[in-house]
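Engineer: Take the numbering used here: the last position of the sequence shown gets the number 582, and nothing is skipped along the way.
Please read through the structure below; I'll follow up with questions.
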Amino acid sequence: MRVLFVSAEVSPFAKVGGLADVAAALPRALSELGVDVRVVMPKYRGVDGKTDLNEIARFRVPVGAGEKECTLHEGTLPQSGVPVYFLGNDPYFDRAQVYGEGGGDYPDALERFTFLSRGALALPEALGWQPDIVHVNDWHTALVPAYLRAGEGPKGAKSVLTIHNLAYQGEFPWDARATTGLADEALTSFAHAGKLNLLKGGILSADRLTTVSPSYAREILQDGEGLEEVLRTRVDSLTGILNGIDDSAWNPETDPLLWANYSAADPSGKEENKERLRAELGLAQEPAAPLVGMISRLAAQKGFDLVMAAFDRMMALGIQFVLLGTGAPEYEEFFRAAASRYPGRAAALITFSEEWAHRIEAAADIFLMPSRFEPCGLNQMYSLRYGTVPVVRATGGLKDTVRDYNADRAMGNGFVFTDYAPDAMLSALRRAVVLYRDDPEGWAALRKRGMEEDHSWSASARNYLELYTELAR
Ligand code: ADP
């Protein structure tokens, strides 16, 4: 099985959200199953420093009426033999950020991702390598299935489009459609609400669609950000496959970013991480106060209006709070102000930091993820692995990975609430705090159960391989 995997983000080369983690971990897991998988992404600024690069070819990629020079560089995905191909065009990709600066995408986003999509399809010929499947991800690469249908790129290859988040659709003015180079007939699939909508065109053009959890696959048929009707026409081709986590990068026993390593069998190092984190962030050493962590893009999707509405009542439960995140200025300001209102009890790290993300997962007792919607979510799975009990809203992948402790004490691995309301979130958090404080043995058993679960990619990668095999038949 030969798979060309196309993504705008691949960790560690470029990461904005969960897509980057998936685009690294899934190819790695597929390769372990014997799949000849090759990854292609843009050559953003700074990529050179992260892998040894060889320039192996140069070709031209049509964008709009013209053509752009593409330099093709080869590198390797760390901890694997998976080749990663970087499409270089410095005017497009040698920039400070992946998508844009100061909110919103760069104004030439359509050109940049047309270049990525068509460049990726030129790759098989440049390599003399014929994929069976071209697997694309989110709107940035959603033009690819339409190009394949139009006869561009490797002949006979089938397309899979994975939707990691339906909220981002790649909408552009309809007048910009010529940039794609698609014929009018093909473009009709991309017309939506008077605009050019890349994700919609991808949904209608791909051979198979997947999304990143079974619950989200069902939910988007009802509430699909305006694309529910389009998705319903493809229901027979849509599958939900839960993301896994990269359990080599996220393993508390070996994680080099932690102050102390620990395991389900011996979780004592977790306390040391909490003490060190409290010391570093100026939080009081208060053993009775559970430390509640959040690590997230500061976006409305993640339920921050609930947290803001309930914040003082959360703190009144006697917790400590630490947030790591960047994003919408109003949320950044709220958490900065909250940290100064609760000195010694709340901290806000308004930055993007892999190191702090690992340390908070290790140090916190409780991880809060009250998302309005959540296609899969990774942090609740990292939390389970790190013995940090998740408190989540029952939506999408959160619903598929976290089971409520009070509903089933023998099987539960966290605390779950359903209504998107501050009181519902508070009552789940209160249940967690009460167990933490009043029943240390019950808490330790709950924590251990989560740590022992297997959320690795191996099962999910097998599901993808089955889907490819069926499609390539
Ligand atoms: P989404 O893709 O919607 O952002 P996920 O939970 O699927 O949400 O994935 C988010 C990923 O990004 C996780 O790996 C999380 O740890 C990471 N992340 C988010 N914000 C930050 C941050 N400020 N610093 C470090 N990592 C972050």
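Backbone N, C-alpha and C define an ideal beta-carbon position, used for all residues, glycine too.
Given this structure, state the Cα-to-Cα distance separating I272 from E220, to the nearest angstrom.
Structural biologist: One-based indexing of the sequence shown puts residue 272 at position 163. One-based indexing of the sequence shown puts residue 220 at position 111. Cα to Cα, I272 sits roughly 21 Å from E220.
Engineer: Quick one, which of P452, I475 and E442 has its alpha-carbon nearest I459's?
Structural biologist: Residue mapping note: residue 459 aligns to position 350 of the sequence shown, counting from 1. The residue with the shortest Cα to Cα distance from I459 is E442.
Engineer: Taking 8 Å as the threshold (C-beta atoms), are V245 and A266 in contact?
Structural biologist: Within the sequence shown, residue 266 is the residue found at index 157, counting from 1. Within the sequence shown, residue 245 is the residue found at index 136, counting from 1. No, they are not a contact pair.
Engineer: Taking the alpha-carbon of W248 as reference, which of L477, G228 and G279 has the nearest alpha-carbon?
Structural biologist: Mapped onto the sequence shown, residue 248 falls at position 139. For the residues L477, G228 and G279, the minimum Cα distance to W248 belongs to G279.
Engineer: Any chance the CB of I404 is under 7 Å from a heavy atom of the ligand MG?
Structural biologist: Absence of the ligand MG is noted for the structure shown, with the ligand ADP being the only ligands found.
Engineer: Quick test of your reading: R169 and E178, contact by CB under 8 Å. State the CB separation rounded to the nearest angstrom.
Structural biologist: Translated into positions along the sequence shown, residue 169 becomes position 60. Translated into positions along the sequence shown, residue 178 becomes position 69. Their Cβ separation, rounded to whole angstroms, is 6 Å, which keeps R169 and E178 in contact under 8 Å.
Engineer: Examine the Cβ distances between the stretch 187-201 and the stretch 301-310 and report whether three or more of them are shorter than 8 Å.
Structural biologist: no
Engineer: In chain order, what residues of the same chain have a beta carbon less than 6 Å from the beta carbon of P136, not counting five sequence neighbours either side?
Structural biologist: Taking the first residue of the sequence shown as position 1, residue 136 is located at position 27. Here the set comprises F114, V146, V148 and V191.
Engineer: By DSSP, does S569 sit in helix, in strand, or in coil?
Structural biologist: Here residue 569 refers to the residue found at position 460 of the sequence shown. It is helical.
Engineer: Among E334, R327, S536 and A373, which residue has its Cα nearest to the Cα of R494?
Structural biologist: On the sequence shown, position 385 is the one that residue 494 refers to. Checked all of E334, R327, S536 and A373; the closest Cα to R494 is A373.
Engineer: Output the distance between the C-alpha atoms of V321 and Q489, rounded to the nearest integer angstrom.
Structural biologist: Counted from its first residue, the sequence shown places residue 321 at position 212. Counted from its first residue, the sequence shown places residue 489 at position 380. Taking the straight line from one Cα to the other gives about 14 Å.
Engineer: Please work out which residues of its chain come closer than 6 Å, Cβ to Cβ, to L390, disregarding the five sequence neighbours upstream and downstream, and give them in chain order.
Structural biologist: Translated into the one-based positions of the sequence shown, residue 390 becomes position 281. A456, listed in sequence order.
Engineer: Is any heavy atom in the ligand ADP found nearer than 7 Å to the beta carbon of A466?
Structural biologist: Locating residue 466 in the sequence shown gives position 357, counting from the first residue. For A466, the shortest separation between its Cβ and any heavy atom of the ligand ADP lies below 7 Å.
Engineer: Could you tell me whether the stretch 284-303 touches the stretch 208-222, using the rule of 3 or more Cβ pairs below 8 Å?
Structural biologist: yes
Engineer: So, with DSSP's three-state summary, where would you put A166?
Structural biologist: Along the sequence shown, one-based indexing puts residue 166 at 57. Note: A166 maps to strand in three-state DSSP.
Engineer: Mapping DSSP to helix, strand and coil, what is F52?
Structural biologist: Residue 52 lies beyond the residue range present for the chain, which begins at 110 and ends at 582; the question has no answer from this structure.
Engineer: Do I354 and L487 have their CB atoms nearer than 8 Å?
Structural biologist: The residue given as residue 354 occupies position 245 in the sequence shown. The residue given as residue 487 occupies position 378 in the sequence shown. Yes, these two residues count as a Cβ contact at 8 Å.
Engineer: Given that a residue counts as buried once 16 or more other Cβ atoms are within 10 Å of its Cβ, and exposed if not, what is G523?
Structural biologist: Translated into the one-based positions of the sequence shown, residue 523 becomes position 414. It counts as buried.
Engineer: Judging by CA-CA distance, which residue of D316, D474, N370 and D293 is the nearest neighbour of D345?
Structural biologist: The sequence position of residue 345 within the sequence shown is 236, counting from 1. Here the closest residue by C-alpha is D316.
Engineer: Pick out the complete alpha helix (DSSP H) segments inside the stretch 486-552, 4 residues or longer, and give them in chain order.
Structural biologist: 488-494, 505-510 and 531-547
Engineer: In the DSSP assignment, the alpha helix (DSSP H) including F482 goes from what residue to what residue?
Structural biologist: Against the sequence shown, residue 482 aligns to sequence position 373. Segment: none, F482 is in no alpha helix (DSSP H) and carries neither H nor E.
Engineer: Which residues in the same chain have their Cβ closer than 8 Å to the Cβ of Y277, if we skip the five residues on either side of it in sequence?
Structural biologist: Translated into the one-based positions of the sequence shown, residue 277 becomes position 168. Excluding residues within five positions, the ones whose Cβ falls inside 8 Å are D247, W248 and L308.
Engineer: With a 10 Å radius around its C-beta and 16 neighbouring C-beta atoms as the bar for buried, classify S377 as buried or exposed.
Structural biologist: As a working note, residue 377 is residue 268 in the sequence shown. Label assigned to S377: exposed.
Engineer: Based on DSSP bridge pairs, tell me the residues matched to R137.
Structural biologist: Taking the sequence shown and counting its residues from 1, the one referred to as residue 137 is at position 28. The partner list for R137 (beta bridge, DSSP) is empty, contrary to what the question assumes.
Engineer: Per DSSP, which one or two residues make a beta bridge with P171?
Structural biologist: One-based indexing of the sequence shown puts residue 171 at position 62. Residue pairing from DSSP places P171 in a beta bridge opposite E176.
Engineer: If you check the beta carbons only, do A259 and V207 fall under 8 Å apart?
Structural biologist: In the sequence shown, residue 259 corresponds to position 150, counting from 1. In the sequence shown, residue 207 corresponds to position 98, counting from 1. No. Outside cutoff.
Engineer: Which two residues bound the contiguous alpha helix (DSSP H) that contains F202?
Structural biologist: Mapped onto the sequence shown, residue 202 falls at position 93. That run of the alpha helix (DSSP H) goes D199 to F202.
Engineer: What's the C-alpha gap between L186 and A133?
Structural biologist: For this step, residue 186 is matched to residue 77 along the sequence shown. For this step, residue 133 is matched to residue 24 along the sequence shown. Approximately 7 Å between the Cα atoms of the pair.
Engineer: May I have the straight-line CA-CA distance separating G427 from W566, to the nearest angstrom?
Structural biologist: Working through the sequence shown from its first residue, we reach residue 427 at position 318. Working through the sequence shown from its first residue, we reach residue 566 at position 457. Each residue's Cα considered, the two are about 37 Å apart.
Engineer: Thinking C-alpha only, which one of S405, A409 and P484 is nearest T435?
Structural biologist: Counting from one through the sequence shown, the residue named residue 435 turns up at place 326. For the residues S405, A409 and P484, the minimum Cα distance to T435 belongs to S405.
Engineer: If you follow the alpha helix (DSSP H) that H467 is in, where does it begin and where does it stop?
Structural biologist: Looking up residue 467 in the sequence shown gives position 358. That run of the alpha helix (DSSP H) goes E463 to A472.
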